[in-house]
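2 protein chains.
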Amino acid sequence: MPKHVDKPVILAEKVQKILVDLEPLTRKIFLTLDPPSPMDNRADVDQVRQILERTYGSVNIPLSLMSKVPILCRSSDWQVTATIADTGQGWKLIDLEPGDTTKEQYGLAIDIGTTTVVVYLINLCDGTVLRHAADYNAQIVHGEDILSRIRHAAEPGGLLQLQKAVVDTLNNLIKRLCPSPMGTDKITAVAIGANTTMIHLLLGLNPASICRAPYTPIVNNPGLISAKELGIDIHPLAPIYCLPSIGSYLGGDVIGGILVSDMHKQSDVSLLVDIGTNGEIVLGNEDWLVACAGAAGPALEGGVTAFGMRAEPGAVDRVSIDPASGQVKYTTIENAPARGICGSGLVDTLAELFLSGIIDRSAHFQNGREDYVIVPAQASALGKDIVVTQIDINNFMATKGAVNSATDLLMENVGVAWQELNHFYAAGAFGQYLPIESAITIGLYPDLPRSAIVRLGNSSGEAARQVLLSRSKRLEAEEIAAKVTYFELNANTAFMEKFSGSKFLPHTDLDRYPSVKRRLQTRV
Amino acid sequence: MPKHVDKPVILAEKVQKILVDLEPLTRKIFLTLDPPSPMDNRADVDQVRQILERTYGSVNIPLSLMSKVPILCRSSDWQVTATIADTGQGWKLIDLEPGDTTKEQYGLAIDIGTTTVVVYLINLCDGTVLRHAADYNAQIVHGEDILSRIRHAAEPGGLLQLQKAVVDTLNNLIKRLCPSPMGTDKITAVAIGANTTMIHLLLGLNPASICRAPYTPIVNNPGLISAKELGIDIHPLAPIYCLPSIGSYLGGDVIGGILVSDMHKQSDVSLLVDIGTNGEIVLGNEDWLVACAGAAGPALEGGVTAFGMRAEPGAVDRVSIDPASGQVKYTTIENAPARGICGSGLVDTLAELFLSGIIDRSAHFQNGREDYVIVPAQASALGKDIVVTQIDINNFMATKGAVNSATDLLMENVGVAWQELNHFYAAGAFGQYLPIESAITIGLYPDLPRSAIVRLGNSSGEAARQVLLSRSKRLEAEEIAAKVTYFELNANTAFMEKFSGSKFLPHTDLDRYPSVKRRLQTRV
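Shown next, in the form of structure tokens:
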């Protein structure tokens, strides 16, 4: 086993247990109606509306439900359960069932990633996650990264293909979450966290303008959309709420990260970083929030490094190297024979190569070496050595440099010094799994007290759960979106200067990394 | 020419000229947007919403319009016209057009009668009626009166047939009102006045419960429905507002009558009567309103009296009889050869027969006579005498008796004496044309100073115009609906007692009819 096993709390999982105040996007109300009589001949639809309006204010009853009302009231002895949905402008009746079904209220919290889609089935009665299921985003066949998706959307029929792909992915996951006899039509509300491009593709909106200056999406805050408009196989009138975006490269998934971290409510300064193909960085506190985003370089994604792969069975995920012997120890996901190295394995490898002196501070192999064997051929499922090359390391340095430079730029712009940084939140899929010690060692994460470093976990999914369950959280998400000041990196020449200044391990300025500096001194 | 030509003001036509405060159901707003720039990269949809929300509060932008926004903004140099619709819970964007089209705003005010449908094309910019068109309700082939329509709706496929029939009637009239190049999709708002059954059939709701105790409709206040939900060929997202009903036999058409009369705003007491196959009676003032409704008997409708016909060319519409010679003078509609007698002709005939002593106070022919020739065979288009029979007179007395009894019952219940009655409003199609003097002579209308008797005209259509144009009028209509206390005649035994007490001309109690009493004394 690797020697530095860190098991930090994953915030999204922790807060899942903390119930938000329950004011879900849809609610069920059990109604006991008065049968009409000569003394009370109110119309059935009006009586239902009047009772609901006493508690909820304006309630709209759509024509499609009106003919159902009298039949249902009479067949159920005037005891019915109404499902009403928050329209953002009031309430709308979306279902009426015989008897008391208030114990059966289900919603979905969804995280649509460019690579992976996760769907959580939520009990709207108490806010708990009943089950969850994940799968690759079926859009992947049309391109692995966001830019290739945007390009595909511009081709004839491409946009519809991409929309259908993600809707199919969702519908398959939803079916898995609702084994019969529970019909998927019992699901009456959805909240989604996703990046801006994923939201555009889901809504069937052409994301072309997202990657063209001045980088304006069609919409940041789409409001509530019904399931039938998107073809999602749940209750057709179920409202779908998308976490708002701030801009083309700062989506609802990042807003979700801020929401789950609570950095927007703290008096001291936090840094939130989500590293993927695109990196997003947010800095701020209760008074201000600044953010930037840009291509981080795909160093940590599968398929770019020589033996890089996604975090699937057979991926090397943890690595340690004995400084004296240079001997490598590693683990693989599900202990399957090694097929490649995933992001967390790569970060461990680089940190260990550095701490062992096999690469120097400028991240170059010493002694003419051009790669390093992590898994020898005889132990590898590929029948050949699994190695890390100088090119892999250079790719990683570009990612690290981008993150460092962007962070520096934000801090300089708002006049915050490194010493003032109190919290670090690792967001996104990589943030969930990257080994914290190694990430600090190579300068990807700041060298803060370890208790100040928090993995957010699937904050996009957790934020979706919170806004699904709470009107005040929806307002909070929208306030965050309105509050964040966005720095456009693509338009910023200072960024490139910073970039060239951050190409050392862990950083050009070693004093920013006191714990790493101490370890290096110990080694010497 | 008949001797007593009365030309009272028709209120609905008078108030048409009085502009209500313009706050129509849909509005157009010209927007000059900021092209996105590196300094302002708001999403296009969000920018449109933000500008509208500055003035109108919460504005919903439907998904179906989102993809149109960026294309339209760019092709029109960022100058667009937004059409927003009042949803009752806020506003909703329903259209976006290039340039400034705020001068072109059209709506429809519609009166759907059991027999006749009238559509008014309204300029939403100033509230004026541009054109109107009328036609028979195509539902007539499935039954002339409301009860036969309700019966037909219960047959397999019947409800859909009836809905399609009235929608076809509307679509044909709308096409006539919008000669090319004006597309019917320029019409963005509709308000409808109609009885409760007509509204149910339009909405595709089964009206069966309307004619079964305890006489509860499915809905009295359906709220706003979109044109596409009903298949009306105008802008698909145009909101349709139906004047609310009070109950099965007291529909939006009656609420419209009250609204146009302003009786709910006056300190003294008014009586409003709408006589048709069903009669509706409303009594009240600014503090209270009571109403009842019931089968008035079809005495005034075509097809029931021996030579009865609708008010079409060739219908005898005015009649006078010389008391000395018994000679009849009459006019016909459009001066066409006489084919029958319409409601106004019948009322004139009965009054003249009574004043001439040809029928007595109990409405029976004298001297063994069984009918009276109005148009002799040689002058008739039918080639035979057009007569009024004792049976016709008996039918009419049933109608009159029902109206008198119901009015008496209402007045007794609220403790209002005849002397306290200050205004009389004649509503509905018959109220628009019945000769006032004759109607008083035979006791159908109360014997008030003639200036206190007002014909409402097509108050249902005029009320539709008012609620189309004014949010406060819509609230007023809903307040009226909430304020009216409904007396169920079918459940009231006192009604039958009153009924037998009102079978004399003009009334059992002649002192209620001082001007008629004077004329009778003059005659004697």
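The listed protein sequences correspond, in order, to chains P and C.
This note's numbering runs 220 ahead of the 1-based position in the first sequence.
This note's numbering runs 220 ahead of the 1-based position in the second sequence.
Glycine included, each C-beta is placed from N, C-alpha and C at the ideal position.
Fair warning: this is a prediction, and the values are worked out from it, not measured in the lab.
Notebook entry, point to check: Which residue's Cα is closest to the Cα of C:G565: C:M402, C:E698, C:E657 and C:A626?
Noted result: Residue numbering aside, residue 565 of chain C sits at position 345 when the second sequence is read from its first letter. Checked all of C:M402, C:E698, C:E657 and C:A626; the closest Cα to C:G565 is C:E657.
Notebook entry, point to check: Taking the continuous beta strand (DSSP E) assigned at P:L444, which residues delimit it?
Noted result: For the purposes of this step, residue 444 of chain P is taken as the residue at position 224 of the first sequence. For P:L444, the enclosing beta strand (DSSP E) stretches over residues L444 to S446.
Note to self: Considering only their Cβ atoms, is the gap separating P:S429 from C:P290 smaller than 8 angstroms?
What the structure shows: Taking the first residue of the second sequence as 1, we reach residue 290 of chain C at position 70. Taking the first residue of the first sequence as 1, we reach residue 429 of chain P at position 209. Less than 8 angstroms separates the beta-carbon of C:P290 from that of P:S429.
Notebook entry, point to check: Taking all protein chains shown into account, do 16 or more other C-beta atoms lie within 10 angstroms of the C-beta of P:V539, making it buried, or fewer, making it exposed?
Noted result: Here the question's residue 539 of chain P lines up with position 319 in the first sequence. So P:V539 counts as buried.
Item checked: C:S257 classed as buried or exposed, judged by whether at least 16 other C-beta atoms fall within 10 angstroms -> Position 37 of the second sequence holds residue 257 of chain C. Exposed, by the Cβ-count rule.
Note to self: Using only CA atoms, which one of P:R396, P:K288 and P:V502 lies nearest to P:D315?
What the structure shows: If you number the first sequence from 1, residue 315 of chain P lands on position 95. Closest in alpha carbon position to P:D315, among P:R396, P:K288 and P:V502, is P:K288.
Checklist line | Near-chain P residues of the stretch 458-471 of chain C (beta-carbon distance less than 7 angstroms), N- to C-terminal order | finding: The residues in question are G467.
Item checked: Contacts around C:R743, its chain only, beta-carbon distance under 6 angstroms, and the 5 residues preceding and following it disregarded -> Here residue 743 of chain C refers to the residue found at position 523 when the second sequence is read from its first residue. No residues qualify anywhere along the chain.
Notebook entry, point to check: In chain P, which residues lie with their C-beta within 8 angstroms of the C-beta of C:S296?
Noted result: For this step, residue 296 of chain C is matched to residue 76 along the second sequence. In chain order: nothing, as chain P lies at least about 16 angstroms away.
Notebook entry, point to check: Taking DSSP as the reference, what is the three-state secondary structure of C:H643?
Noted result: Your numbering for residue 643 of chain C matches position 423 in the second sequence. Collapsing the DSSP output to three states places C:H643 in a strand.
Notebook entry, point to check: Any residues in the stretch 299-316 of chain P with a beta carbon nearer than 7 angstroms to a beta carbon of chain C? Which ones, in chain order?
Noted result: Here the close residues are T307, G308, Q309 and G310.
Notebook entry, point to check: Should C:M286 be flagged as near chain P, meaning a C-beta pair shorter than 8 angstroms?
Noted result: Along the second sequence, one-based indexing puts residue 286 of chain C at 66. So yes, C:M286 belongs to the interface.
Item checked: Cβ-based contacts, 8 angstroms cut-off: residues of the stretch 370-381 of chain P near chain C -> Result list empty, no residue passes.
Next item on the list: Using a Cβ-Cβ cut-off of 8 angstroms, state whether P:V165 counts as contacting chain C.
Entry: No statement about residue 165 of chain P is possible, as the shown extent of chain P runs from 221 to 744 and does not include it.
Next item on the list: Using 10 angstroms around the beta-carbon of P:D226, count the other beta-carbons present and answer buried if the total reaches 16, otherwise exposed.
Entry: For the purposes of this step, residue 226 of chain P is identified with residue 6 of the first sequence, where counting begins at 1. Only weak support exists for where P:D226 lies, its pLDDT of 46 falling under 50; the value from the coordinates is given anyway. Its Cβ having fewer than 16 others within 10 Å, P:D226 is exposed.
Check: Along the stretch 678-700 of chain P, what residues have a CB closer than 7 angstroms to any CB found in chain C?
Finding: None of the residues of the stretch 678-700 of chain P has a beta carbon lying less than 7 angstroms from any beta carbon of chain C.
Note to self: Taking the alpha-carbon of P:I553 as reference, which of P:M418, P:I370, P:E698 and P:C562 has the nearest alpha-carbon?
What the structure shows: Locating residue 553 of chain P in the first sequence gives position 333, counting from the first residue. Ranking P:M418, P:I370, P:E698 and P:C562 by Cα distance to P:I553 puts P:C562 first.
Item checked: Closer than 8 angstroms at the beta carbon, the chain C residues around P:L425 -> Numbered from 1 along the first sequence, position 205 holds the residue referred to as residue 425 of chain P. Residues of chain C passing the Cβ test: M286 and S287.
Margin query: Do P:A305 and P:P459 have their beta-carbon atoms positioned less than 8 angstroms apart in this structure?
Written below: For this step, residue 459 of chain P is matched to residue 239 along the first sequence. For this step, residue 305 of chain P is matched to residue 85 along the first sequence. Yes, the Cβ-Cβ distance between P:P459 and P:A305 is below 8 angstroms.
Notebook entry, point to check: If we cut at 8 angstroms on Cβ distances, does C:N633 have a partner in chain D?
Noted result: Included in the structure are the protein chains P and C, with no chain D among them.
Next item on the list: Identify the contact partners of C:Y435 in chain P, using a Cβ-Cβ distance below 9 angstroms as the criterion.
Entry: For this step, residue 435 of chain C is matched to residue 215 along the second sequence. Under the 9 angstroms cutoff, chain P gives P256, P258 and N261.
Note to self: Three or more C-beta pairs under 8 angstroms: does that hold for the stretch 323-336 of chain P against the stretch 249-263 of chain P?
What the structure shows: Output reads no: the stretch 249-263 of chain P does not touch the stretch 323-336 of chain P.
Checklist line | Extent of the continuous beta strand (DSSP E) to which P:I460 belongs | finding: Position 240 of the first sequence, counted from the first residue, corresponds to residue 460 of chain P. Its beta strand (DSSP E) spans residues P459 to C462.
Check: Per DSSP, what kind of secondary structure is P:A556 in: helix, strand or coil?
Finding: Reading the first sequence from its first residue, position 336 is the one you call residue 556 of chain P. Coil, per DSSP.
Margin query: 8 angstroms is my cut-off, CB to CB: does C:G443 come that close to chain P?
Written below: Numbered from its first residue, the second sequence carries residue 443 of chain C at position 223. Chain P contact via Cβ: present.
Checklist line | Local conformation of P:F250 per DSSP, three classes | finding: On the first sequence, residue 250 of chain P is found 30 positions in, with the first residue counted as 1. Under the three-state reduction of DSSP output, P:F250 falls in the strand class.
Notebook entry, point to check: Per the contact definition of three or more C-beta pairs closer than 8 angstroms, is the stretch 565-578 of chain C in contact with the stretch 655-674 of chain C?
Noted result: The stretch 655-674 of chain C makes contact with the stretch 565-578 of chain C: 3 or more CB pairs, one atom from each, lie closer than 8 angstroms.
Check: Is there contact between the stretch 448-456 of chain P and the stretch 494-512 of chain P, where contact requires at least three CB pairs shorter than 8 angstroms?
Finding: Touching, no.
Check: Since C:H827 is in the beta strand (DSSP E), which residue starts that stretch and which ends it?
Finding: Because chain C in this structure spans residues 221 to 744, residue 827 of chain C falls outside the shown range and cannot be described.
Next item on the list: Starting from P:I613, follow the alpha helix (DSSP H) in both directions and report where the run begins and ends.
Entry: Here residue 613 of chain P refers to the residue found at position 393 when the first sequence is read from its first residue. Its alpha helix (DSSP H) spans residues Q610 to V634.
Margin query: List, in chain order, every chain C residue whose beta-carbon is nearer than 7 angstroms to that of P:V265.
Written below: Counting from one through the first sequence, the residue named residue 265 of chain P turns up at place 45. Going along chain C in sequence order, the residues near P:V265 (Cβ under 7 angstroms) are I438 and V439.
Notebook entry, point to check: Would DSSP call P:K288 helix, strand or coil?
Noted result: If you number the first sequence from 1, residue 288 of chain P lands on position 68. Under the three-state reduction of DSSP output, P:K288 falls in the helix class.
Check: Hey, is C:S429's beta-carbon within less than 8 angstroms of any beta-carbon in chain P?
Finding: One-based indexing of the second sequence puts residue 429 of chain C at position 209. Nearest CB-CB separation between C:S429 and chain P: below the 8 angstroms threshold.
Check: P:A637 to P:M631, Cα distance in whole Å?
Finding: Within the first sequence, numbered from 1, the residue matching residue 637 of chain P stands at position 417. Within the first sequence, numbered from 1, the residue matching residue 631 of chain P stands at position 411. When rounded, the distance between both Cα atoms is 7 angstroms.
Next item on the list: Using only alpha-carbon positions, find the residue among C:A374, C:V493, C:I578 and C:C293 that is nearest to C:G648.
Entry: Within the second sequence, residue 648 of chain C is the residue found at index 428, counting from 1. Of the candidates C:A374, C:V493, C:I578 and C:C293, the one whose C-alpha sits nearest the C-alpha of C:G648 is C:V493.
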